[in-house]
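Residue numbers (the numbering used here), protein chains in the order written: chain A, 1 to 782; chain B, 1 to 156. In this text, a Cβ means the ideal position worked out from N, Cα and C, and glycines have one as well.
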């Protein structure tokens with residue numbers, strides 16, 4: 001009895017004991033939340049293209065869907081990619097034709113030359129009308145719409161809405177696939193297109209383990225046709241992964257894992273759910289669609305695209321739109337995406353197009369799981385922009401030639417002289433050239449003038465510079481030494497010699513460093529009274545072909561009357577070298593009576609990587625020895641000591657030294673000129689007043705041109721074509737500066753200056769607005 | 001008289017024998033025809049039948065059906081194809097969302113039992129290694145039958 005009671009109690013208590021043991025584990029379920037991956041999004045930047053059609057909110061399209069936004073298609077559209085000119089084969093159940101062969105769908109009627117049925121393209125019925133049938137519920141039409149439904153009719157549009165589609169029907173009107181050999185014929189014919197979309201496959205044998213297993217499942221003839229399309233003919237095969245929720249794709253998609261002939265040109269596509277759609281067919285979370293097979297063993301060749309809860313068009317009519325699910329619809333989005341990339345970058349081979357697509361996929365967060373998503377979610381923004389860095393090409397017309405040179409964009413530039421910058425800017429406006437992504441030499445178009453900047457005369461006419469012109473010259477530390485042999489004056493700033501001059505005791509020899517020995521320029525220069533020359537570029541009486549002041553300038557005069565002088569300079573930074581011979585047939589008369597001075601100049605200058613002070617680098621580089629030969633005169637005549645007239649004129653002839661591989665070649669020599677004239681009047685109205693009037697034409701090209709030979713196009717044979725632009729450097733105007741300056745010495749410590757400047761046709765441009773300046777300067781020292 | 005009597009008896013015997021024979025014959029015939037006619041009569045109840053599949057969403061639980069008096073019948077019919085609205089279908093049978101082409105629904109047989117009509121449907125799957133189109137769809141059958149309220153649907 002006791003045993004029975006014990007047994008009964010045990011049986012009754014057993015459930016209680018078991019539940020107590022299981023109760024402690026109930027708290028463990030909360031720990032999994034910390035491992036959730038976020039679903040990233042790409043940046044969709046083509047706002048002008050984000051229309052109602054883009055979101056399928058059309059006239060009758062059934063509602064909103066963001067299938068194009070998820071892959072950032074509008075960013076590609078903003079760059080001009082539409083799929084135009086790219087041929088895509090749709091191997092499927094047929095296209096938008098009636099049995100009589102007429103287009104019967106409004107979403108495909110915008111351009112009959114882009115919706116094509118090749119001869120004998122109905123392989124199921126052995127005719128030339130691959131019409132899609134009701135039994136296969138318009139699968140082919142729905143797939144084609146994802147690629148190329150019309151844009152502009154108000155409903156929805158495909159991802160590559162300007163591509164050309166060729167249809168090949170391989171399913172009969174009951175939905176049965178054609179034979180293996182007939183399917184092979186279809187693929188063989190379809191590979192006259194660049195991209196072949198295949199939204200079909202063998203419904204079993206996922207993740208086939210080796211090439212022979214895959215081939216047995218696919219069919220040997222079809223398998224051979226696949227290898228021919230990729231391995232021999234270089235065409236791209238796009239495969240839907242399949243809808244069996246399997247860890248691996250269907251055999252046709254998986255075969256690439258085991259066969260090098262298929263690799264590089266095969267793309268496998270899995271499906272993610274659209275995240276903002278009015279059809280309620282999926283989870284709307286951007287993650288792998290429940291129906292989709294995963295990338296699995298084919299991850300290296302695999303990418304994801306929206307295929308869950310997407311919108312497409314019905315078989316006939318073109319005004320009814322459906323929600324749909326399937327990798328069938330993800331694959332054509334990738335086919336269209338490949339078409340956009342191929343159109344955008346004509347320099348890429350098909351294999352490079354595939355590489356670019358896979359390498360730019362969004363692969364962070366949720367999409368980092370390669371066994372599911374392969375390379376990630378297709379990202380057409382990243383795919384159509386620079387991956388590494390842009391470079392210019394030179395040295396060869398073959399992108400992959402070892403002799404081809406590439407420069408980063410920042411290493412190529414042209415800063416043009418004000419003597420011709422106007423002409424150059426006008427000539428280069430809206431002209432483009434190609435540069436190349438260092439990742440794959442994908443070609444990008446840039447404006448040529450993005451490499452050019454202009455020197456400008458008018459930019460110097462600022463208020464600050466005008467004030468600076470009138471300000472009294474600064475007095476630096478200057479020491480003077482004198483002995484039997486001569487005298488020596490040196491001016492220092494800090495610990496550095498600013499300039500120096502040595503004059504022998506008999507004036508036979510005068511040597512200068514950064515200080516001219518030129519008697520014409522040093523003698524009672526009427527300009528100095530008015531202008532602080534150090535701070536203003538219009539050194540009217542100085543030699544414009546010399547780069548004085550910016551390097552190490554050496555001067556020498558060699559006779560007592562300073563009738564012959566030699567000026568030289570070197571530019572420490574640029575390696576320039578100049579030499580001028582100055583001849584002064586008239587002597588200087590310092591006795592304040594009527595005097596005149598004329599100086600003739602003859603010289604030459606060599607410039608390193610520049611010409612006429614235009615700096616060049618990289619593909620616009622010039623050689624070491626661009627040479628300018630120049631001649632000129634300076635003249636002044638004083639009447640008493642009150643009135644002085646003066647003038648100067650220079651002309652130069654510049655030969656541009658060209659380097660190999662430079663875009664500048666076959667240039668004509670440049671003839672340049674500059675001109676100055678004016679007068680000064682001391683004791684103007686009163687003894688303490690001076691007046692000066694100056695006219696100046698800055699340096700200007702009178703004749704000459706350069707030839708720019710730039711890359712303007714390239715193709716998938718990796719060959720670059722160059723275009724020559726012959727640019728006349730003579731500007732269309734002539735700048736003349738008019739300066740009126742008034743000085744009044746109020747006392748030894750007080751000075752007043754007034755300057756009126758009128759600049760006509762600034763920078764030698766007829767279209768440049770004239771400039772007018774008025775500046776006042778008053779100084780009182782204590 | 002004796003001959004007449006004998007004749008009458010002979011005639012009656014033969015008559016009875018013939019009658020029994022005819023009756024047996026008739027009975028057999030009737031029995032056989034009644035046995036077959038139940039199914040024949042049941043098939044005669046299917047005035048129209050159309051089976052296909054659709055990509056559109058059909059809001060019916062898997063392996064279930066709707067009759068015309070059900071709330072969502074017309075809406076689902078319209079979703080499949082608006083042209084079907086004029087076809088007088090009164091029974092819609094659905095086998096659920098399938099991952100690809102190659103799946104279908106077939107009416108196998110109809111049996112009348114007592115006062116109910118049993119409609120036996122079969123789910124057809126793609127053959128092994130069949131080529132399929134990976135787009136989700138829903139196989140369905142549309143019927144016009146007598147007394148849909150008496151229909152019992154069996155889907156295997």
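CB contact below 8 Å: residue i versus chain B
i, result
"residue 177 of chain A", "yes"
"residue 207 of chain A", "no"
"residue 199 of chain A", "yes"
"residue 243 of chain A", "yes"
"residue 56 of chain A", "no"
"residue 394 of chain A", "no"
"residue 135 of chain A", "yes"
"residue 297 of chain A", "no"
"residue 841 of chain A", "Nothing about residue 841 of chain A can be read from this structure; chain A reaches only from 1 to 782."
"residue 83 of chain A", "no"
"residue 203 of chain A", "yes"
"residue 157 of chain A", "no"
Residue i in three-state terms, based on DSSP
i, result
"residue 152 of chain A", "coil"
"residue 93 of chain A", "coil"
"residue 78 of chain B", "helix"
"residue 77 of chain A", "helix"
"residue 178 of chain A", "coil"
"residue 509 of chain A", "coil"
"residue 439 of chain A", "coil"
"residue 160 of chain A", "coil"
"residue 250 of chain A", "coil"
"residue 267 of chain A", "strand"
"residue 515 of chain A", "coil"
"residue 145 of chain A", "helix"
"residue 328 of chain A", "helix"
"residue 141 of chain B", "strand"
"residue 334 of chain A", "helix"
"residue 467 of chain A", "helix"
"residue 148 of chain B", "helix"
"residue 635 of chain A", "strand"
"residue 208 of chain A", "coil"
"residue 349 of chain A", "coil"
"residue 630 of chain A", "strand"
"residue 588 of chain A", "Here residue 588 of chain A scores only 48 on pLDDT, less than 50, and its place in the model is too uncertain to base an answer on."
Residues bridged to residue i [DSSP beta-bridge criterion]
i, result
"residue 771 of chain A", "A:759"
"residue 677 of chain A", "A:647, A:695"
"residue 690 of chain A", "A:743"
"residue 725 of chain A", "A:708"
"residue 344 of chain A", "Beta-bridge pairing links residue 344 of chain A to no other residue."
Whole-Å CB distance - residue i paired with residue j, under 8 Å assumed
i, j, result
"residue 693 of chain A", "residue 740 of chain A", "6 Å"
"residue 272 of chain A", "residue 308 of chain A", "6 Å"
"residue 336 of chain A", "residue 163 of chain A", "7 Å"
"residue 582 of chain A", "residue 604 of chain A", "Not quite, the Cβ-Cβ distance comes to about 13 Å (not below 8 Å), so this is no contact."
"residue 180 of chain A", "residue 221 of chain A", "5 Å"
"residue 207 of chain A", "residue 304 of chain A", "With a Cβ gap of about 17 Å, residue 207 of chain A and residue 304 of chain A do not count as contacting."
CB contact below 8 Å: residue i versus chain A
i, result
"residue 52 of chain B", "yes"
"residue 129 of chain B", "yes"
"residue 55 of chain B", "yes"
* Asked: Of all the residues that make up the stretch 132-153 of chain B, which are near chain A by a beta-carbon distance shorter than 7 Å?
  -> For the stretch 132-153 of chain B, the set of positions with a beta-carbon nearer than 7 Å to some beta-carbon of chain A reads 132, 133, 134, 135, 136, 137 in chain order.
* Interface residues of the stretch 316-332 of chain A facing chain B [CB-CB below 8 Å] -> The residues in question are 322, 323, 324, 325, 326, 327, 328, 329.
* Select from the stretch 97-108 of chain B all residues with a C-beta closer than 7 Å to any C-beta belonging to chain C, and list them in chain order. => Here the protein chains are A and B, and chain C is not one of them.
* Of the residues that make up the stretch 247-272 of chain A, which ones have a beta carbon closer than 7 Å to any beta carbon in chain B? -> Result list empty, no residue passes.
* Check distances from the C-beta atoms of the stretch 277-288 of chain A to those of chain B and list, in chain order, the residues that come in under 8 Å. => Sequence-ordered contacts of the stretch 277-288 of chain A with chain B read 279, 280, 281 [C-beta pairs closer than 8 Å].
* To do: Return the residues of the stretch 69-80 of chain B that lie within a Cβ-Cβ distance of less than 7 Å from chain A, sorted by chain order.
  => Against chain A - using a Cβ distance shorter than 7 Å - the stretch 69-80 of chain B contributes no residues.
* Asked: Taking any Cβ of chain B, which residues in the stretch 205-239 of chain A have a Cβ under 8 Å from it, in chain order?
  -> Considering only beta carbons, the part of the stretch 205-239 of chain A lying closer than 8 Å to chain B consists of 205, 217, in chain order.
* To do: Return the residues of the stretch 709-731 of chain A that lie within a Cβ-Cβ distance of less than 7 Å from chain B, sorted by chain order.
  => Cβ contacts with chain B come from no residue of the stretch 709-731 of chain A.
* Near-chain B residues of the stretch 89-123 of chain A - C-beta to any C-beta below 8 Å -> Cβ contacts with chain B come from 92, 93.
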